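Trainee: Here you go, one structure.
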Ligand SMILES: Nc1ncnc2c1ncn2[C@@H]1O[C@H](COP(=O)(O)OP(=O)(O)OP(=O)(O)O)[C@@H](O)[C@H]1O
Ligand SMILES: [Mg+2]
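Numbering (our numbering), first residue to last: 1333 to 1632.
What follows is the structure in structure tokens.
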């Protein structure tokens, strides 16, 4: 089974306002609610590719109940742990001439809550896949991904980490199977601007020396690079198309790469399917659907 982890899922409240002004009453032209969270996005795109997964994480309050309901309505299997204090966040995405976002904090994750998550993770067995995506609530602490990888490290679980900074670096000694930084995240880690592919590959190599197996670097409209644990480097150009909303492109890429790899154990194909999924999401309002993904794959 593939397990995705979203420690701080959200309701994303997307509103479009014409000529938004602060300090005034603004009226929205349209409103949408999406069930957000990077791991949940990965689960959704895996489902679009025909792969079952189970979304793990935390939910609290009435917003948490709605997230649980909404994910089930999407047809996704999930086991979100109910937390007593606080409520799952509502992230406001305001689209006007500019895009403004206000992301909430989320519930307080206590020791007991974390223990319950670790109990669930204790049931993972050889051959399972575990995907850790996105930021974590402050109460879970910056070493939570590291602790999770440490806990599963004795088993043959394929682990994927898509996170930034310390959260990612802390997991490297436990040899994640795949990490997927984007260029900005690499620049954040190494502290200098990266202009050429050669520099990006050098950074990917350093992350391997620190413990990562495969490093997949996503470069938005410039495609992606994969440095395999064997030391081979693969490149894939991005698909061309009209970009509508690229939020979730990275999560889609993680799902596509995993699906491609699990199906064929072929790096080039996995990279291609990853780019097709990322592209399909960038070219649509929500996450790329199965039909959209296969169409984009045909163009690559
Ligand atoms: N504008 C685009 N045109 C074509 N393909 C795109 C575009 N944006 C993203 N993609 C595809 O999706 C992949 C992942 O995108 P990106 O590098 O933006 O991920 P990310 O920064 O991790 O995104 P997020 O974290 O918001 O999900 C890219 O490697 C590319 O294949
Ligand atoms: Mg990302």
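The beta carbon of each residue, even a glycine, is placed where N, CA and C say it ideally should be.
It should be emphasised that the depicted structure is a prediction, and the values quoted were computed from it without experimental measurement.
So if DSSP puts residue 1280 in a beta bridge, which residue, or which two residues, is it bridged to?
Mentor: The question about residue 1280 has no answer here: the residues shown for the chain are numbered 1333 through 1632.
Trainee: Starting from the C-beta of residue 1461, find all residues in its chain whose C-beta is less than 6 Å away, skip the five residues before and the five after it, and write them out in chain order.
Mentor: Closer than 6 Å at Cβ, skipping near neighbours: 1334, 1490.
Trainee: Using only the alpha-carbon positions, how far apart do residue 1571 and residue 1579 sit?
Mentor: Roughly 16 Å between the two C-alpha positions.
Trainee: To the nearest angstrom, how far is it from the Cα of residue 1340 to the Cα of residue 1584?
Mentor: Their Cα atoms are separated by approximately 18 Å.
Trainee: Figure out for me which residue from 1420, 1427, 1542 has the closest Cα to the Cα of residue 1367.
Mentor: When each option's Cα is compared against that of residue 1367, the closest is 1420.
Trainee: Could you tell me the distance, in whole angstroms, from the CA atom of residue 1610 to the CA atom of residue 1351?
Mentor: Using only the alpha carbons, I get a separation of about 30 Å.
Trainee: Given that a residue counts as buried once 16 or more other Cβ atoms are within 10 Å of its Cβ, and exposed if not, what is residue 1472?
Mentor: Per the 10 Å Cβ criterion, buried.
Trainee: Looking at residue 1583 and ligand 1, is the gap between the Cβ and the nearest heavy atom below 7 Å?
Mentor: Yes, ligand 1 has a heavy atom inside 7 Å of this Cβ.
Trainee: Skipping 5 residues on each side, what residues in its chain have a beta carbon closer than 7 Å to that of residue 1358?
Mentor: Result list for residue 1358: 1349, 1352, in chain order.
Trainee: Distance check for residue 1429 and residue 1450, CA to CA, integer angstroms please.
Mentor: Roughly 44 Å between the two C-alpha positions.
Trainee: From residue 1439 to residue 1458, what distance separates their C-alpha atoms?
Mentor: Distance between the alpha carbons of residue 1439 and residue 1458: 32 Å.
Trainee: Quick check: the segment 1588-1597 against the segment 1373-1392, are at least 3 beta-carbon pairs closer than 8 Å?
Mentor: Flag = yes, the segment 1373-1392 and the segment 1588-1597 touch.
Trainee: Our contact map puts residue 1574 next to residue 1603 with C-beta atoms below 8 Å; I'd like the distance itself, whole angstroms only.
Mentor: Residue 1574 to residue 1603, Cβ: 23 Å. No contact.
Trainee: Taking only runs of the alpha helix (DSSP H) that begin and end inside the segment 1463-1498, which ones reach a length of at least 4 residues, in chain order?
Mentor: Taking only runs of at least 4 residues, the alpha helix (DSSP H) segments lying wholly in the segment 1463-1498 are 1476-1484.
Trainee: What does DSSP give as the partner residues of residue 1421 in its beta bridges?
Mentor: 1342.
Trainee: Using 7 Å as the cut-off, classify the Cβ of residue 1524 as near or not near the heavy atoms of ligand 1, replying yes or no.
Mentor: Residue 1524: no, Cβ never under 7 Å from ligand 1.
Trainee: Using 10 angstroms around the beta-carbon of residue 1561, count the other beta-carbons present and answer buried if the total reaches 16, otherwise exposed.
Mentor: With fewer than 16 Cβ atoms within 10 Å of its Cβ, residue 1561 is classed as exposed.
Trainee: Just the C-alpha distance for residue 1481 and residue 1465, rounded to the nearest angstrom, thanks.
Mentor: In a straight line, the C-alpha of residue 1481 is about 13 Å away from that of residue 1465.
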